[in-house]
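For the sequence shown, this note's numbering gives the first residue as 4, with consecutive numbering after it. Beta carbons: idealized from backbone N, C-alpha and C, even for Gly. As the structure is a computational prediction, the values presented were derived from the model and not from experiment. Structure first, commentary second.
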Amino acid sequence: MSGAPEIKGRRPGAPEVKGWCPGAYAPMQSNDGLLMRAKIVGSRIAAAQIEALAEIASACGNGLIDLSQRAQLQLRGVSEATLGDALQRLDAAGLLAPDADAERVTNIVAAPLAGLGVGAFDANALAAELAQGLQADASLRALPPKFLFAIDDGGPPPLDDVEADIRIEAAQGDRVAVSLAGGDDRAAVLDPAEAVPAALSLARAFVGLRDGAFELRRMRRLVARLGVDAVMNKAEIIAEAYVRPRQAAPAAFLGAVGTSVCYAGVAAPFGRWTAAELLRLAALAREHGSSELRLTPWRAFLIPTETREAAQRIVAEAAARGLIVSSDDPRLAVVACPGAPECPQAQGETRAHLARLAPLAQKLAGTDGVGLHLSGCAKGCARPKSAPVTLIASNGLFDLVENGGAGDAAHLKGLTIDALESALAARTKEKLCPTP
Ligand code: SF4
Numbered sequence: 004m005s006g007a008p009e010i011k012g013r014r015p016g017a018p019e020v021k022g023w024c025p026g027a028y029a030p031m032q033s034n035d036g037l038l039m040r041a042k043i044v045g046s047r048i049a050a051a052q053i054e055a056l057a058e059i060a061s062a063c064g065n066g067l068i069d070l071s072q073r074a075q076l077q078l079r080g081v082s083e084a085t086l087g088d089a090l091q092r093l094d095a096a097g098l099l100a101p102d103a104d105a106e107r108v109t110n111i112v113a114a115p116l117a118g119l120g121v122g123a124f125d126a127n128a129l130a131a132e133l134a135q136g137l138q139a140d141a142s143l144r145a146l147p148p149k150f151l152f153a154i155d156d157g158g159p160p161p162l163d164d165v166e167a168d169i170r171i172e173a174a175q176g177d178r179v180a181v182s183l184a185g186g187d188d189r190a191a192v193l194d195p196a197e198a199v200p201a202a203l204s205l206a207r208a209f210v211g212l213r214d215g216a217f218e219l220r221r222m223r224r225l226v227a228r229l230g231v232d233a234v235m236n237k238a239e240i241i242a243e244a245y246v247r248p249r250q251a252a253p254a255a256f257l258g259a260v261g262t263s264v265c266y267a268g269v270a271a272p273f274g275r276w277t278a279a280e281l282l283r284l285a286a287l288a289r290e291h292g293s294s295e296l297r298l299t300p301w302r303a304f305l306i307p308t309e310t311r312e313a314a315q316r317i318v319a320e321a322a323a324r325g326l327i328v329s330s331d332d333p334r335l336a337v338v339a340c341p342g343a344p345e346c347p348q349a350q351g352e353t354r355a356h357l358a359r360l361a362p363l364a365q366k367l368a369g370t371d372g373v374g375l376h377l378s379g380c381a382k383g384c385a386r387p388k389s390a391p392v393t394l395i396a397s398n399g400l401f402d403l404v405e406n407g408g409a410g411d412a413a414h415l416k417g418l419t420i421d422a423l424e425s426a427l428a429a430r431t432k433e434k435l436c437p438t439p
């Protein structure tokens with residue numbers, strides 16, 4: 004059930020590269036039903052909208068909701084029979100784009116705490132302006148469906164690890180930098196009011212220079228082929244040498260955080276929430292004086308609170324429910340796609356091995372806290388970049404790649420889960436006791 008184009012020329016047996024994410028107008032078929040993603044512009048979502056989503060998930064889906072790496076919420080297990088009802092309910096909750104074209108091109112990740120006084124500008128206001136510009140310009144309907152914008156106001160937690168095609172971020176003084184993936188040592192440095200028009204011009208330049216080539220569907224690839232200045236020149240924007248103010252993974256943002264601006268950071272393993280968990284999270288926000296929650300691209304919610312004590316109370320209840328409330332939680336060291344049985348392309352289970360492998364993964368963790376990527380097939384949806392150890396399901400067994408990604412050559416092949424555990428344990432010892 005989708006109008007997504009079929010990708011020609013695929014090797015037999017190779018994972019299918021879809022090049023798009025599910026939407027509400029374009030749900031994606033999975034083995035547990037249709038995936039249907041709400042459209043949320045910016046990082047703010049009302050507690051009432053969370054409650055509406057939880058109710059839609061129960062009434063029209065299988066009661067499960069994913070918080071994606073694009074800070075979007077996705078219903079699982081929707082059926083053809085309930086699809087129309089789900090669309091109507093999403094619309095009533097203000098979680099539906101105006102039409103399918105608008106839904107496809109509006110892909111924006113904004114600073115999680117936008118507008119709460121920790122950033123140099125209101126990233127959510129810029130996100131709304133950008134969404135309006137994207138939806139109003141017919142020429143931008145040719146943007147590839149995964150083309151992503153990030154708007155970072157310079158406040159915590161940073162969005163530096165978000166792989167955006169076009170990035171708007173706070174620069175020195177009161178200026179704003181607009182940069183391109185693959186070329187962030189050069190940027191247009193502008194007044195804040197000029198940032199969104201510049202980003203839209205760069206998106207148009209991308210569409211023109213790419214000329215529909217599938218292999219150039221992300222800015223990084225276009226910049227690698229033509230260079231940053233070719234895209235900037237096409238957009239009639241002057242780029243200058245630029246040093247990004249920070250390039251770090253987000254610091255600890257789970258648990259009770261903050262002094263002047265306080266919040267409770269709560270995550271679920273792999274961003275998979277039940278409707279009941281979301282209902283309780285929204286209720287906790289309300290009970291502690293907040294009518295809204297914040298979405299992050301790290302699959303966690305931040306709940307703004309008036310005091311740190313209120314945040315601590317939310318965190319205590321979330322922890323009692325088995326949710327993740329600490330950046331030291333070993334479950335965060337594992338990245339995994341849904342795998343079998345949910346994904347039709349999967350060659351084995353992935354997330355089912357979380358409890359067993361998480362402690363080992365934590366010992367292997369690199370600078371971004373991830374030690375293990377479990378992938379249901381060689382496509383590696385959950386993590387395009389490398390990991391200390393990547394395990395790829397293959398006919399019910401696993402292949403192991405060290406310091407690489409799911410598409411790289413395996414160092415070990417055909418391992419059972421028992422053999423894997425031994426192999427990982429040996430690697431953690433090597434890491435902890437390096438050869439002198
Ligand atoms: S990587 Fe995982 S989610 Fe992606 S296609 Fe393969 S099995 Fe499916």
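Looking at the secondary structure, which residues open and close the alpha helix (DSSP H) in which Asp94 lies?
On the sequence shown, residue 94 is found 91 positions in, with the first residue counted as 1. Element bounds for Asp94: 83–95.
Just checking Gly383 against ligand 1 - is the residue's beta carbon closer than 7 Å to any of the ligand's heavy atoms?
Against the sequence shown, residue 383 aligns to sequence position 380. Result yes, Cβ under 7 Å from ligand 1.
Any idea what DSSP makes of Glu127, helix, strand or coil?
Residue 127 sits at position 124 when you count from the first residue of the sequence shown. The sequence given here places Asn at residue 127; Glu does not occur at that position. The answer is helix: DSSP assigns Asn127 an H, G or I state.
Have a look at the DSSP bridge pairing and note the partners of Leu418.
Within the sequence shown, numbered from 1, the residue matching residue 418 stands at position 415. DSSP, once it has assigned bridges, lists Phe401 as partnering Leu418.
Would you call the segment 357–370 in contact with the segment 42–60, where contact means no fewer than 3 C-beta pairs closer than 8 Å?
no
Where do the ends of the beta strand (DSSP E) carrying Glu218 lie?
As a first step, residue 218 must be located in the sequence shown, where it is residue number 215. No beta strand (DSSP E) contains Glu218, which DSSP labels as neither H nor E.
Within 7 Å: the Cβ of Ala355 and any heavy atom of ligand 1?
As a first step, residue 355 is located in the sequence shown; it is residue number 352 there, counting from the start. Ala355 Cβ: outside cutoff for every heavy atom of ligand 1.
I'd like to confirm something about Leu145: is its beta-carbon nearer than 7 Å to some heavy atom of ligand 1, or not?
In the sequence shown, residue 145 corresponds to position 142, counting from 1. In the sequence as presented, Leu is not what sits at residue 145; that position holds Ala. Every heavy atom of ligand 1 is 7 Å or more from the Cβ of Ala145, so no.
In the DSSP assignment, what are the bridge partners of Cys265?
Taking the sequence shown and counting its residues from 1, the one referred to as residue 265 is at position 262. Note: Cys265 sits in a beta bridge opposite Thr308.
Can you round the beta-carbon distance between Leu394 and Leu377 to whole angstroms, since I take them to be within the 8 Å contact cut?
As a working note, residue 394 is residue 391 in the sequence shown. As a working note, residue 377 is residue 374 in the sequence shown. So it is a contact: roughly 5 Å between Cβ atoms.
Please report the straight-line C-alpha distance between Arg92 and Glu58, rounded to a whole angstrom.
As a first step, residue 92 is located in the sequence shown; it is residue number 89 there, counting from the start. As a first step, residue 58 is located in the sequence shown; it is residue number 55 there, counting from the start. Their Cα atoms are separated by approximately 9 Å.
Distance, Cα to Cα, Ala303 vs Cys346?
Sequence index remark: in the sequence shown, residue 303 carries index 300 (1-based). Sequence index remark: in the sequence shown, residue 346 carries index 343 (1-based). Spanning the two alpha carbons is a distance of roughly 23 Å.
Could you check whether Glu54 and Leu282 sit closer than 8 Å to each other, using their CB atoms as the reference points?
Within the sequence shown, residue 282 is the residue found at index 279, counting from 1. Within the sequence shown, residue 54 is the residue found at index 51, counting from 1. Yes, the Cβ-Cβ distance between Leu282 and Glu54 is below 8 Å.
Where Gly122 and Ala364 are concerned, what is the direct C-alpha to C-alpha distance, given to the nearest angstrom?
Residue numbering aside, residue 122 sits at position 119 when the sequence shown is read from its first letter. Residue numbering aside, residue 364 sits at position 361 when the sequence shown is read from its first letter. Across the structure, Gly122 and Ala364 are spaced so that their CA atoms are roughly 34 Å apart.
Would you say Ser389 touches ligand 1, meaning its beta carbon is less than 7 Å from a heavy atom?
Translated into positions along the sequence shown, residue 389 becomes position 386. No - ligand 1 has no heavy atom lying nearer than 7 Å to the Cβ of Ser389.
Residue environment, Ala267, which counts as buried when at least 16 other CB atoms sit within 10 Å:
Position 264 of the sequence shown, counted from the first residue, corresponds to residue 267. Label assigned to Ala267: buried.
Where Asp1 and Asp177 are concerned, what is the direct C-alpha to C-alpha distance, given to the nearest angstrom?
Coverage of the chain is limited to positions 4 through 439, which leaves residue 1 absent and any answer about it impossible.
Does Arg334 come out as helix, strand or coil in the three-state DSSP assignment?
Mapped onto the sequence shown, residue 334 falls at position 331. In this structure, Arg334 counts as helix in the three-state DSSP scheme.
Got a sec, what are the start and stop residues for the alpha helix (DSSP H) Glu58 sits in?
Along the sequence shown, read from residue 1 onward, the residue named residue 58 stands at position 55. Segment 50–63, the alpha helix (DSSP H) holding Glu58.
Taking 7 Å as the cut-off, is the beta-carbon of Ala349 closer than that to any non-hydrogen atom of ligand 1?
Indexing the sequence shown from 1 puts residue 349 at position 346. True, at least one ligand heavy atom lies under 7 Å from that Cβ.
Can you name the residues that DSSP bridges to Met235?
In the sequence shown, the residue the question calls residue 235 occupies position 232. Bridge partners of Met235: none, in fact.
Residue span of the beta strand (DSSP E) that contains Phe152, given as start and end
Taking the sequence shown and counting its residues from 1, one reaches residue 152 at position 149. From DSSP, the beta strand (DSSP E) with Phe152 extends over 152–155.
Since Leu67 sits in a beta bridge, which residues does DSSP pair it with?
Taking the first residue of the sequence shown as 1, we reach residue 67 at position 64. Beta-bridge pairing links Leu67 to Thr277.
So is Pro101 buried or exposed if we call it buried at 16+ other beta carbons inside 10 Å?
One-based indexing of the sequence shown puts residue 101 at position 98. Exposed, since its Cβ has fewer than 16 Cβ neighbours within 10 Å.
Tell me whether the beta-carbon of Lys42 lies closer than 8 Å to the beta-carbon of Leu78.
For the purposes of this step, residue 42 is identified with residue 39 of the sequence shown, where counting begins at 1. For the purposes of this step, residue 78 is identified with residue 75 of the sequence shown, where counting begins at 1. No, Cβ-Cβ distance for Lys42 and Leu78 is not below 8 Å.
What do you reckon, is the C-beta of Gly379 under 7 Å from a heavy atom of ligand 1?
To locate residue 379, count along the sequence shown from 1; it is residue 376. Indeed, a heavy atom of ligand 1 lies less than 7 Å from the Cβ.
Taking 8 Å as the cut-off, does the segment 113–122 touch the segment 155–173 (at least 3 CB pairs, one atom from each stretch)?
Contact holds: three or more Cβ-Cβ distances are below 8 Å.
When the Cα of Leu38 is compared with those of Pro341, Val373, Ala95, which residue comes out closest?
Here the question's residue 38 lines up with position 35 in the sequence shown. The shortest C-alpha separation from Leu38 is found at Pro341.
When every heavy atom of ligand 1 is checked, does at least one fall within less than 7 Å of the C-beta of Pro160?
Reading the sequence shown from its first residue, position 157 is the one you call residue 160. No.
Compute the Euclidean distance between the alpha carbons of Arg189 and Ala412, then round it to the nearest angstrom.
Along the sequence shown, one-based indexing puts residue 189 at 186. Along the sequence shown, one-based indexing puts residue 412 at 409. Going by the C-alpha atoms only, they are around 34 Å apart.
Counted within 10 angstroms of its Cβ, other Cβ atoms place Ser204 as buried (16 or more) or exposed
By 1-based counting over the sequence shown, the position of residue 204 is 201. Buried, because 16 or more other Cβ atoms sit within 10 Å of the Cβ of Ser204.
Short check: CB of Arg73 to CB of Leu151, under 8 Å?
As a first step, residue 73 is located in the sequence shown; it is residue number 70 there, counting from the start. As a first step, residue 151 is located in the sequence shown; it is residue number 148 there, counting from the start. Yes; because the gap between Cβ atoms is below 8 Å, this pair is in contact.
Are Arg316 and Gly261 close, meaning C-beta to C-beta below 8 Å?
Stepping through the sequence shown from its first residue, residue 316 is reached at position 313. Stepping through the sequence shown from its first residue, residue 261 is reached at position 258. Contact flag unset, no.
Do Val179 and Leu162 have their C-beta atoms closer together than 8 Å?
Position 176 of the sequence shown, counted from the first residue, corresponds to residue 179. Position 159 of the sequence shown, counted from the first residue, corresponds to residue 162. Cβ atoms of Val179 and Leu162: not closer than 8 Å.
CA-to-CA distance, Lys149 to Ile169, given in whole angstroms
Locating residue 169 in the sequence shown gives position 166, where the first residue counts as 1. Locating residue 149 in the sequence shown gives position 146, where the first residue counts as 1. Distance between the alpha carbons of Ile169 and Lys149: 12 Å.
So, for Thr277: in the same chain, excluding its five sequence neighbours on each side, which residues have a beta-carbon less than 7 Å away from its beta-carbon?
Residue numbering aside, residue 277 sits at position 274 when the sequence shown is read from its first letter. Closer than 7 Å at the Cβ level, and outside the excluded window around Thr277, lie Gly66, Leu67.
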